[in-house]
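Below is one structure; the comments refer to it alone.
In my numbering, the protein residues as written are 95 to 570.
Shown next as structure tokens:
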């Protein structure tokens, strides 16, 4: 077993690198959520073994979700304030709120991390963990980290306050006052520069400490010893995680395969579904996984190509132009053909997924039954196989509907504008054309939603059965 299974220094280093960049209100150049996620992955096992690392792990997990919440918060902020971001007060509130929340959880999390390293030096004999290569105490890194976090958080919202400082109680600019808001770019750039410089100073100090600790023989011996003691548990944990990831990506793939084609446009790119199916095959076992990867990659390539051709068509034309403009017809035929080919490879991908899922069912379900209860175990497998067969039929129907809907959405009906319908866009007597089968996207949406719900329900039941371990039997 590798020492990195207990504590991964490469992931720790990558996480710290992603955290050193400055923020501008809620906008983050290198998302901190990824950095905290890497820190979580790096110390997932060590948090179960060594003191203090468990508190650090919980703190980083909370910070991961807090920073992940910034993404929808940005869109909410843009929606409320408008694209021009004129309501600076709301931006300040958002930035200040997230900065305070991060301070609340980040201070104890990083302090616990360095206390964990200090514990390894004091109680486990890893003397390199007590001091940095420059000879300073590990507590120095904890203090330096807190200083950096304060500066990073403060520089994210303080520049925004220049929009608030010169307004009277009515919200108008005070007479004779100098408006510092015109200097906002300088304040923002200055704050980001200060945060960046402090971040680099902090990063250099932390990385030198982590690299020295990674090369330390006592540290490696401690981690290797822990890995050997937990070898069986780690292997079982890996297998369990692979099972869960297989089922997770399988569910995600069927969810993103739902495509109502409103206005004949893809709302959920099927390339995401193809990528999820490929990842499901990565964690699947059996002879079908390798072939499934090939077909899912071809499905991914066709999905990306179809999206490109579709975007090119809708940039120049509407679906109602197809029957009347040769140029539109020439560009629309490849779109329908690609959707047909995409549907074929979707069916092939699902067929290999079904085979992998059947192997999973045979290997992982019915384990809670006693070995002599073969009839009951076979009944469990048979019931799941019936549901898998229904899933396959659902998938084939949905896959065939997609190119069918794309083709029939181009069929139009002629309509003459009446006096009651006339408006600033259409005059009375004007002839317009509408899609004759515009309701077909509703049928596609219903079938796709039913497929996604059925797939999620099936995966949930399979996972519940697989997670129900067989009880230990005692000899009488």
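Don't be surprised by glycine CBs; every beta carbon is placed ideally from N, CA and C. Note that the structure is a prediction, hence the values are computed from the model and not measured.
According to DSSP, is residue i helix, strand or coil?
i	result
residue 457	helix
residue 218	coil
residue 122	strand
residue 161	helix
residue 115	coil
residue 225	strand
residue 231	strand
residue 447	helix
residue 101	coil
residue 503	coil
residue 139	coil
residue 419	coil
residue 533	coil
residue 358	Caution applies to residue 358, whose pLDDT of 48 falls short of 50 and renders its modelled position unreliable; the value that the coordinates give is listed next. Three-state result, residue 358: helix.
residue 253	helix
residue 351	coil
residue 246	helix
residue 265	Its pLDDT being 49, under 50, residue 265 is placed unreliably by the model, and the measurement read from it follows with that caveat. If DSSP states are grouped into helix, strand and coil, residue 265 belongs with coil.
residue 336	helix
residue 379	coil
May I have the straight-line CA-CA distance separating residue i from residue j, to the nearest angstrom?
i	j	result
residue 479	residue 351	22 Å
residue 334	residue 378	12 Å
residue 138	residue 331	12 Å
residue 381	residue 417	47 Å
residue 424	residue 403	11 Å
residue 429	residue 400	6 Å
residue 426	residue 370	28 Å
residue 129	residue 226	22 Å
residue 419	residue 410	11 Å
residue 132	residue 191	24 Å
residue 341	residue 383	14 Å
residue 184	residue 163	17 Å
residue 555	residue 349	17 Å
residue 142	residue 338	20 Å
residue 535	residue 364	16 Å
residue 407	residue 398	14 Å
Let's see if you can read the secondary structure: which residues bound the alpha helix (DSSP H) around residue i?
i	result
residue 588	Past the edges of the chain, shown from 95 to 570, lies residue 588, and the structure says nothing about it.
residue 279	278-309
residue 368	364-376
Leaving out the 5 sequence neighbours to the left and right, which residues in its chain are closer than 6 Å to residue i when beta-carbon positions are compared?
i	result
residue 140	100, 101 and 147
residue 308	103
residue 195	160
residue 211	223 and 232
residue 292	242 and 245
residue 149	206
residue 449	382
residue 336	377
Short of 8 Å in beta carbon distance, which residues of its chain neighbour residue i, apart from the five on each side in sequence? Order them along the chain.
i	result
residue 541	488, 491, 492 and 495
residue 199	153, 156, 157 and 160
residue 451	344, 482 and 556
Skipping 5 residues on each side, what residues in its chain have a beta carbon closer than 7 Å to that of residue i?
i	result
residue 301	107 and 110
residue 238	296 and 299
residue 390	368, 371, 372, 375 and 443
residue 396	432, 435, 436 and 439
Any chance the CB of residue i is under 6 Å from a heavy atom of the ligand NAD?
i	result
residue 213	Ligands are entirely absent from the displayed structure, and the ligand NAD is therefore not among its contents.
With a cut-off of 8 Å, do at least 3 Cβ pairs link the region 153-160 to the region 197-212?
-> With the cut-off at 8 Å, the region 153-160 and the region 197-212 touch.
Should the region 238-255 be called in touch with the region 110-122, which here means at least 3 C-beta pairs below 8 Å?
-> Segment contact: the region 238-255 against the region 110-122, three or more CB-CB distances shorter than 8 Å; contact assigned.
Inspect the CB distances between the region 340-349 and the region 550-558 and report whether three or more fall short of 8 Å.
-> Contact between the region 340-349 and the region 550-558 is present, because at least three Cβ pairs lie under 8 Å.
Would you be able to state if there are at least three C-beta pairs under 8 Å between the region 311-320 and the region 209-221?
-> Contact between the region 209-221 and the region 311-320 is present, because at least three Cβ pairs lie under 8 Å.
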